[in-house]
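In what follows, a structure is listed as structure tokens, so that the remarks can point back to it.
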Ligand SMILES: Nc1ncnc2c1ncn2[C@@H]1O[C@H](COP(=O)(O)OP(=O)(O)OP(=O)(O)O)[C@@H](O)[C@H]1O
Ligand SMILES: [Mg+2]
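Chains as they are written, first to last, in the UniProt record's numbering: chain A, 1 to 316; chain B, 1 to 366.
Okay, structure coming up:
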């Protein structure tokens, strides 16, 4: 019923025309709610089919044995936790997500500031250029990075040699590879932070800075006492959101290192793919990917709570 | 506390000359009001004093020191903005103490000063609130409080009352005056409202198109304007400007307004106006309050005339009458009981002892 009423209000003119025939209004509302449900049905089917069904199917799968014949309860999860290679995945996922998000935030913040100080048309040009990494399909740009990181034939090492340095095996050692995947993720994600922070910077009234200047604030104090507090919400929401996306990242590691060397760069998503599809242990792969669930759910909870709080602040 | 001096100050925005060479001496403890029409460069002048705009040419000195290249934070000034510019994420106490905190003032000293300013402005109960939870008038007070606690050399106000409703504006106007009488800090106040200018100022600076037209006490500006612009800008309803000629007849001067209407020039002005006999482009400037109904007793330099009234506007304590002389609409202020009726002739009295003769080609009052 409530559903029907909101829709009747949404199409205001028709509803008010109907209200003249008071008795028929209820009937109309009821009919509208049915219509609305029917109109939403394709979307609902899509969400159920593509999100809910796979989720529950994954939960179901994760509790089967390797041959998918016997129900084993939580054994897969317990087993994973004891495996050093999986512990490494947990470590690497956290390292990857946290480092990448912090660096993206810092770089995005600095670049947004630089952009903010460029006036007029030039700003739009630079903004467009800096957004390029973010709009190229990630798989394609990662391939390009993979070529760049090639130990013997790549532009990077060629330049190093030309400058008289030794070649660096970018993807060949554990820490080099870890840094490389983080670097590519930062390269890809920083423009998003830049654009969010630039919008936030623009929304801080210029007069606050003038007032602060008159109150005796240095540039650093303006940043510390005006800019940061005014941008606090955007910074938090962007970082939380990015933490979710980065934590669940797949493309970069899959293409750049495929988890190597010695499984040291695997994230949950790539490890799940590796165990489930490539090694054929679908139930265990499913349980790997389900390990992400509590982390992501917690983060999502905070994001949603902050978004709600913020929209409430804006509306008052 | 300090005097402020502007010498040939110019401000150029790319091609726009916003301020075209201003000289002004503001004395210590003085309340100066910059007034003028929109776009005349008032805010620009104020912002140059604050250091928020660089000056293109000339010198600005505060307390004797030239501050052309001193950033705002080192000028020891406080400014109240039109939209208050309170820090939205800080409560009233934090807003007011921000400047002191940056100067590393001891905590108890900050508290003492904020409490004292809050008391002066009657906002003690609001100290814990955020700006969003305040009314327009309260925000205005907080913005003033933020200026007062700093105890700066100069207060700068940029149209601080223009966002308030009419009643509150009058109330805050009095409040600002009271505060100035208490703290006695040199103040530069920008407004485009001439009533605000007249009521607040020790001296008013009338600006027009990037230049100063006249500086003087409110009474000076009202009674002896130097230019047509000042004459027309100060006073409400505005001064009447009526085209006229100065004629010489039988050894005396007469002001001729139309074929049928002329007045003798007051005797004490004969010498002053004689050079302008027969000149074109002259205007008679006469305020509405110097066109009144006839009365039994007549003073020197007052002259009665009869004219057809076009429109009557009763205002309560007075009635405005409008009539036309040679196509120019003229306003007079008569007693409500004088029986003014629209589209009826009425006997009025012009008080020429308060007249001004203006050369319309130069805009100067003669
Ligand atoms: N940043 C700017 N860039 C270019 N021109 C400007 C700028 N700021 C002001 N001006 C111009 O300078 C002139 C004076 O502006 P100013 O703001 O000082 O006027 P004002 O007297 O304060 O008017 P108001 O009563 O409307 O506030 C105007 O013609 C305005 O268009
Ligand atoms: Mg202005």
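Where a beta carbon is used, it is the ideal one built from N, C-alpha and C, also for glycine. Every value quoted in this text rests on a predicted model; they were computed, and no experiment measured them.
Examine chain B for any beta-carbon lying closer than 8 Å to the beta-carbon of residue 213 of chain A, and answer yes or no. Here the question's residue 213 of chain A lines up with position 213 in the first chain. Chain B contact via Cβ: present.
Going by C-alpha to C-alpha distance, which of A/185, A/159, A/101 and A/128 sits closest to residue 139 of chain A? Against the first chain, residue 139 of chain A aligns to sequence position 139. With distances taken between Cα atoms, residue 139 of chain A lies closest to A/185.
Contained alpha helix (DSSP H) runs [length at least 4] in the region 205–238 of chain A, N- to C-terminal order: Annotation note: the region 205–238 of chain A contains the following uninterrupted alpha helix (DSSP H) runs of length 4 or greater, listed N- to C-terminal: 206–215 and 219–222.
Is residue 40 of chain B near ligand 1, with its Cβ less than 7 Å from a heavy atom? Against the second chain, residue 40 of chain B aligns to sequence position 40. Flag set: Cβ of residue 40 of chain B near ligand 1.
For the candidate residues B/275, B/16 and B/77, whose alpha-carbon lies nearest to that of residue 47 of chain B? Your numbering for residue 47 of chain B matches position 47 in the second chain. Closest by alpha carbon: B/77.
Segment contact, 8 Å Cβ cut-off, at least three pairs: the region 36–51 of chain B with the region 83–96 of chain B: No, they do not touch.
Per-residue DSSP class, three states only, for residue 294 of chain A: The sequence position of residue 294 of chain A within the first chain is 294, counting from 1. Reduced to three states, the DSSP call for residue 294 of chain A is helix.
Distance, Cα to Cα, residue 249 of chain B vs residue 357 of chain B? Counting from 1 along the second chain, the entry for residue 249 of chain B is found at position 249. Counting from 1 along the second chain, the entry for residue 357 of chain B is found at position 357. Each residue's Cα considered, the two are about 18 Å apart.
Cβ of residue 226 of chain A within 8 Å of any chain B Cβ: Here residue 226 of chain A is taken as the residue at index 226 of the first chain, counted from 1. Residue 226 of chain A counts as touching chain B.
Sufficient close CB pairs (3 or more, under 8 Å) joining the region 147–156 of chain B to the region 84–91 of chain B: Under the 8 Å Cβ criterion, the region 147–156 of chain B does not count as touching the region 84–91 of chain B, having fewer than three qualifying pairs.
Beta-bridge pairing of residue 214 of chain B - partner residues as DSSP gives them: For the purposes of this step, residue 214 of chain B is taken as residue 214 along the second chain, with counting starting at 1. Partner(s): B/206.
Helix, strand or coil at residue 240 of chain B according to DSSP, with G and I counted as helix: Residue mapping note: residue 240 of chain B aligns to position 240 of the second chain, counting from 1. In the three-state DSSP reduction, residue 240 of chain B falls in the strand class (E or B).
Please check the pair residue 276 of chain B and residue 366 of chain B, which I expect to be a contact at CB under 8 Å, by giving their CB distance rounded to whole angstroms. One-based indexing of the second chain puts residue 276 of chain B at position 276. One-based indexing of the second chain puts residue 366 of chain B at position 366. Their Cβ separation, rounded to whole angstroms, is 6 Å, which keeps residue 276 of chain B and residue 366 of chain B in contact under 8 Å.
Between residue 42 of chain B and chain A, is the shortest Cβ-Cβ distance under 8 Å, so that the two count as touching? Looking up residue 42 of chain B in the second chain gives position 42. False, the Cβ-Cβ gap to chain A never drops below 8 Å.
Whole-angstrom Cβ separation of residue 177 of chain A and residue 84 of chain A, contact assumed at under 8 Å? Position 177 of the first chain holds residue 177 of chain A. Position 84 of the first chain holds residue 84 of chain A. By a beta-carbon distance limit of 8 Å, residue 177 of chain A does not contact residue 84 of chain A. Their separation comes to about 18 Å.
Burial state of residue 251 of chain A (16 or more Cβ within 10 Å): Your numbering for residue 251 of chain A matches position 251 in the first chain. Under a 10 Å Cβ-count criterion, residue 251 of chain A is classified as buried, with 16 or more other Cβ atoms of the shown protein chains found around its own Cβ.
Show which residues of chain B have a CB atom less than 9 Å away from the CB atom of residue 105 of chain A. Position 105 of the first chain, counted from the first residue, corresponds to residue 105 of chain A. Result: empty, since nearest Cβ-Cβ is about 20 Å, beyond 9 Å.
Residue(s) in a DSSP beta bridge with residue 191 of chain B: Stepping through the second chain from its first residue, residue 191 of chain B is reached at position 191. In the DSSP assignment, residue 191 of chain B is bridged to B/35.
Any heavy atom of ligand 1 inside 7 Å of the beta-carbon of residue 33 of chain B? In the second chain, the residue the question calls residue 33 of chain B occupies position 33. Because no heavy atom of ligand 1 lies under 7 Å away, the Cβ of residue 33 of chain B does not count as near it: no.
Residues of the region 85–112 of chain B with Cβ closer than 7 Å to any Cβ of chain A, in chain order: So the list reads 85, 87, 89, 98, 99, 102 and 103, given in the order they occur along the chain.
Is the beta carbon of residue 33 of chain A within less than 7 Å of some heavy atom of ligand 2? As a first step, residue 33 of chain A must be located in the first chain, where it is residue number 33. No, ligand 2 has no heavy atom inside 7 Å of this Cβ.
heavy atom of ligand 2 below 7 Å from residue 210 of chain A C-beta: Reading the first chain from its first residue, position 210 is the one you call residue 210 of chain A. No, the beta carbon of residue 210 of chain A sits no closer than 7 Å to any heavy atom of ligand 2.
Residues of the region 220–251 of chain A with Cβ closer than 9 Å to any Cβ of chain B, in chain order: For the region 220–251 of chain A, which is checked against every Cβ of chain B, the residues closer than 9 Å are 221, 225, 226, 229, 230 and 232.
Within the same chain, show all residues whose beta-carbon is closer than 6 Å to that of residue 40 of chain A, passing over the 5 residues directly before and after it, in chain order. If you number the first chain from 1, residue 40 of chain A lands on position 40. So no residue of the chain qualifies.
Flag this pair as touching only if the region 145–152 of chain A and the region 165–176 of chain A have three or more C-beta atom pairs under 8 Å; answer yes or no. As far as the Cβ criterion goes, the region 145–152 of chain A touches the region 165–176 of chain A, which means the pair count is three or higher.
Determine, using beta carbons only, whether residue 202 of chain A comes closer than 8 Å to chain B. Within the first chain, numbered from 1, the residue matching residue 202 of chain A stands at position 202. No - not a single Cβ of chain B is within 8 Å of the one on residue 202 of chain A.
Please tell me whether residue 120 of chain A has its Cβ less than 8 Å away from any Cβ of chain B. Counted from its first residue, the first chain places residue 120 of chain A at position 120. By this cut-off, residue 120 of chain A is not an interface position.
Give me the residue from B/179, B/322, B/346 and B/292 with the minimum Cα distance to residue 307 of chain B. Taking the first residue of the second chain as position 1, residue 307 of chain B is located at position 307. The residue with the shortest Cα to Cα distance from residue 307 of chain B is B/346.
Determine whether the Cβ of residue 48 of chain B lies closer than 8 Å to any Cβ atom of chain A. Locating residue 48 of chain B in the second chain gives position 48, where the first residue counts as 1. With 8 Å as the cut-off, residue 48 of chain B does not count as an interface residue toward chain A.
Would you give the residue range spanned by the beta strand (DSSP E) that residue 118 of chain A belongs to? Here residue 118 of chain A refers to the residue found at position 118 when the first chain is read from its first residue. Unbroken run through residue 118 of chain A: none, as it is neither H nor E.
Reducing DSSP to helix, strand and coil, say where residue 264 of chain B ends up. Counted from its first residue, the second chain places residue 264 of chain B at position 264. In the structure shown, residue 264 of chain B sits in a strand (DSSP, three-state: E or B).
Quick one: what's got a C-beta closer than 7 Å to residue 256 of chain B's C-beta in the same chain, skipping five residues either side? For this step, residue 256 of chain B is matched to residue 256 along the second chain. Excluding positions up to five away in sequence, the list reads 244, 245, 247 and 262.
Is the region 171–185 of chain B in contact with the region 210–218 of chain B, if contact means three or more CB pairs nearer than 8 Å? Output reads no: the region 210–218 of chain B does not touch the region 171–185 of chain B.
Evaluate residue 288 of chain B with the Cβ neighbour count: other Cβ atoms within 10 Å of its Cβ, from every protein chain shown; 16 or more gives buried, anything less gives exposed. Along the second chain, one-based indexing puts residue 288 of chain B at 288. When all chains shown are included, residue 288 of chain B counts as buried.
Applying a beta-carbon distance threshold of less than 9 Å, which residues of chain B neighbour residue 210 of chain A? Your numbering for residue 210 of chain A matches position 210 in the first chain. 47, 50, 52, 72, 79, 81 and 85, listed in chain order.
Helix, strand or coil, according to DSSP, for residue 345 of chain B in the structure here? Along the second chain, one-based indexing puts residue 345 of chain B at 345. Collapsing the DSSP output to three states places residue 345 of chain B in a strand.
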